[in-house]
Ligand SMILES: Nc1ncnc2c1ncn2[C@@H]1O[C@H](COP(=O)(O)OP(=O)(O)O)[C@@H](O)[C@H]1O
Ligand SMILES: [Mg+2]
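In the numbering used here, the protein residues as written are 1035 to 1327.
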């Protein structure tokens, strides 16, 4: 028992220090490799070399992420079983460790997803997708978190339901990320409004909530990888522990579908995020320019 407790303390300490060092390193590595690209481009002025470098970078992210997944799962299992033998002080340490492991797992999953999005061409997976159905499916996933807080969803959409050419699982992921953010920032008894409108060329889907909205600083950065705003603006913790990758993933999904995403504050209060997707693919660059995308 005593040695179990000593081990628990050691694991908690190691995790605290280890993850504290690992996460900033991973973030810094990802940032600096992204920022190097334009400089390399200028220096070598060779498109093929640049593409090769990018491919290598993406492979690197994917390899690291795969390598991290298994030990993280093992660490989580070990710390969960040790938590049963801890005194209250040690239990607090273990809880902190577990939180960090879960956050790191979420970061790793997010990075893997971004890397997959960048590497797998969309064309192989598109099919006509009924967007409103996917909104409802995503909401079902969040219901266990929404119901205890009495947060409702209303959906307005054209009738008959419209389809867009999309990869169903990627669209589902984008909607889940947007609804998860809206739910996290909604007050209890609040309503999240999803509004879908279309014209000949575009489908526009707004996810609006009644929360605190984006801060000025957030509006300039929310789509950047690893950007996390002030946690105190959120009402509760969410299904996906904040990694700052949620909106970056949404943006990547929108872009690969030939669309875009925008964030704004509603005049009546609360945040609104607009996902814009082409009704038909592919969308010409002229059409994109005219729409200001
Ligand atoms: N609906 C919203 N209302 C207010 N702020 C939001 C909303 N959605 C996102 N944000 C802000 O944008 C940041 C980035 O969001 P995201 O990329 O999903 O990362 P994460 O949710 O992991 O923090 C959040 O940390 C939060 O500060
Ligand atoms: Mg999020």
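Built from N, CA and C at the ideal position, the CB exists for glycine as well.
Requested in this report: Confirm the yes/no value for this check: CB of residue 1245, any heavy atom of ligand 2, distance under 7 Å.
Outcome: Position 211 of the chain shown holds residue 1245. The answer is no for residue 1245.
Requested in this report: Evaluate contact between the segment 1188 to 1195 and the segment 1297 to 1314, counting only Cβ atoms and requiring at least three cross-stretch pairs below 8 Å.
Outcome: no
Requested in this report: Flag residue 1144 as yes when its Cβ comes closer than 7 Å to any non-hydrogen atom of ligand 2, and as no otherwise.
Outcome: Within the chain shown, the letter at position 110 stands for residue 1144. No, Cβ of residue 1144 sits at least 7 Å from all heavy atoms of ligand 2.
Query raised in the report: Apart from the five residues just before and just after residue 1236, which ones in its own chain have a Cβ nearer than 8 Å to its Cβ?
Result: Within the chain shown, the letter at position 202 stands for residue 1236. So the list reads 1293, 1310, 1311, 1312, 1313 and 1325, once near-sequence residues are dropped.
Query raised in the report: CB-CB under 8 Å to residue 1102, same chain, minus the five flanking residues each way: which ones, in chain order?
Result: On the chain shown, position 68 is the one that residue 1102 refers to. Cβ neighbours of residue 1102 beyond the five flanking positions: 1138 and 1142.
Requested in this report: Look up residue 1186 in the DSSP assignment and give the residues it is bridged to.
Outcome: Here residue 1186 refers to the residue found at position 152 of the chain shown. Partner(s): 1225.
Query raised in the report: Would you call the segment 1107 to 1127 and the segment 1236 to 1245 touching, i.e. three or more CB-CB distances under 8 Å?
Result: no
Query raised in the report: Under a three-way DSSP split, which group does residue 1105 fall into?
Result: Here residue 1105 refers to the residue found at position 71 of the chain shown. DSSP, read as helix, strand or coil, puts residue 1105 in helix.
Query raised in the report: For residue 1211 versus residue 1280, is the C-beta spacing smaller than 8 Å?
Result: Walking along the chain shown from the start, residue 1211 turns up at place 177. Walking along the chain shown from the start, residue 1280 turns up at place 246. Yes, Cβ-Cβ distance for residue 1211 and residue 1280 is below 8 Å.
Requested in this report: Could you tell me which residues DSSP pairs with residue 1236 in its beta bridges?
Outcome: Mapped onto the chain shown, residue 1236 falls at position 202. DSSP lists 1312 as partners of residue 1236.
Query - Contact check, residue 1286 vs residue 1145, beta carbons under 8 Å - result: For this step, residue 1286 is matched to residue 252 along the chain shown. For this step, residue 1145 is matched to residue 111 along the chain shown. No, Cβ-Cβ distance for residue 1286 and residue 1145 is not below 8 Å.
Query - Residue list, Cβ distance to ligand 2 heavy atoms smaller than 5 Å - result: 1215 and 1280
Query raised in the report: Taking the Cβ atom as the reference point for each residue, do residue 1168 and residue 1227 lie within a distance shorter than 8 Å?
Result: As a first step, residue 1168 is located in the chain shown; it is residue number 134 there, counting from the start. As a first step, residue 1227 is located in the chain shown; it is residue number 193 there, counting from the start. Not in contact: residue 1168 and residue 1227 (Cβ atoms no closer than 8 Å).
Query raised in the report: Can you check whether the CB of residue 1217 is closer than 8 Å to the CB of residue 1265?
Result: Counting from 1 along the chain shown, the entry for residue 1265 is found at position 231. Counting from 1 along the chain shown, the entry for residue 1217 is found at position 183. With respect to residue 1217, residue 1265 sits apart: the two C-beta atoms are not nearer than 8 Å.
Query raised in the report: By Cβ distance, which residues of its chain are closer than 7 Å to residue 1315, with the 5 residues on each side in sequence left out?
Result: Here residue 1315 refers to the residue found at position 281 when the chain shown is read from its first residue. Correct list, in chain order: 1160, 1199 and 1292.
Query raised in the report: If you run the structure through DSSP and keep just helix, strand and coil, what is residue 1176?
Result: Numbered from 1 along the chain shown, position 142 holds the residue referred to as residue 1176. The answer is helix: DSSP assigns residue 1176 an H, G or I state.
Report task. If I'm right that residue 1222 touches residue 1184 with Cβ under 8 Å, what's the distance once you round it to whole angstroms? Result -> To locate residue 1222, count along the chain shown from 1; it is residue 188. To locate residue 1184, count along the chain shown from 1; it is residue 150. Correct: roughly 6 Å between the Cβ atoms.
Query raised in the report: Heavy atom of ligand 3 less than 7 Å from the Cβ of residue 1276, yes or no?
Result: No copy of ligand 3 appears in this structure; the ligands present are ligand 1 and ligand 2.
Query - Assumed close pair residue 1232, residue 1188 - CB separation to whole angstroms, cut-off 8 Å - result: Position 198 of the chain shown, counted from the start, is the residue given in the question as residue 1232. Position 154 of the chain shown, counted from the start, is the residue given in the question as residue 1188. Actually they do not touch by this definition, with Cβ atoms about 18 Å apart.
Query raised in the report: Under 7 Å from any heavy atom of ligand 1, does the C-beta of residue 1256 make it?
Result: On the chain shown, residue 1256 is found 222 positions in, with the first residue counted as 1. Yes; taking the cut-off as 7 Å, the Cβ of residue 1256 has a heavy atom of ligand 1 nearer than that.
Requested in this report: Step through the CB atoms of chain B and report whether any lies within less than 8 Å of the CB of residue 1156.
Outcome: Given the protein chain composition of this structure (a single chain), no chain B is represented.
Query raised in the report: Should residue 1089 go down as buried or exposed, given a rule of 16 or more other Cβ atoms within 10 Å for buried?
Result: One-based indexing of the chain shown puts residue 1089 at position 55. Exposed, because fewer than 16 other Cβ atoms sit within 10 Å of the Cβ of residue 1089.
Query - Closer than 7 Å: residue 1261 CB and nearest ligand 1 heavy atom - result: Looking up residue 1261 in the chain shown gives position 227. With a threshold of 7 Å, the Cβ atom of residue 1261 counts as near ligand 1, since some heavy atom of the ligand is closer than that.
Query raised in the report: Where does residue 1299 fall in DSSP's three states?
Result: Walking along the chain shown from the start, residue 1299 turns up at place 265. Reduced to three states, the DSSP call for residue 1299 is strand.
**Report entry** N- and C-terminal bounds of the beta strand (DSSP E) containing residue 1198
**Finding:** Within the chain shown, residue 1198 is the residue found at index 164, counting from 1. Counting along the chain, the beta strand (DSSP E) containing residue 1198 begins and ends at 1197 to 1200.
Requested in this report: Please name the residue, chosen from 1084, 1201, 1130 and 1166, that lies closest to residue 1113 on a Cα-to-Cα basis.
Outcome: The residue labelled residue 1113 in the question sits at position 79 within the chain shown. Out of 1084, 1201, 1130 and 1166, 1130 has the C-alpha closest to the C-alpha of residue 1113.
**Report entry** N-terminal and C-terminal residue of the beta strand (DSSP E) that residue 1256 is part of
**Finding:** Along the chain shown, read from residue 1 onward, the residue named residue 1256 stands at position 222. Note, residue 1256: premise wrong, no beta strand (DSSP E); not H, not E.
Query - Cβ shell of residue 1282 (< 7 Å), same chain only, five flanking positions each side left out - result: Start at 1 with the first residue of the chain shown, and residue 1282 comes out as number 248. Same-chain partners within the cutoff: 1148, 1257, 1258 and 1259.
Query raised in the report: Rounded to a whole number of angstroms, what is the C-alpha to C-alpha distance between residue 1252 and residue 1302?
Result: What you label residue 1252 is simply residue 218 of the chain shown in a count that begins at 1. What you label residue 1302 is simply residue 268 of the chain shown in a count that begins at 1. Each residue's alpha carbon lies about 18 Å from the other.
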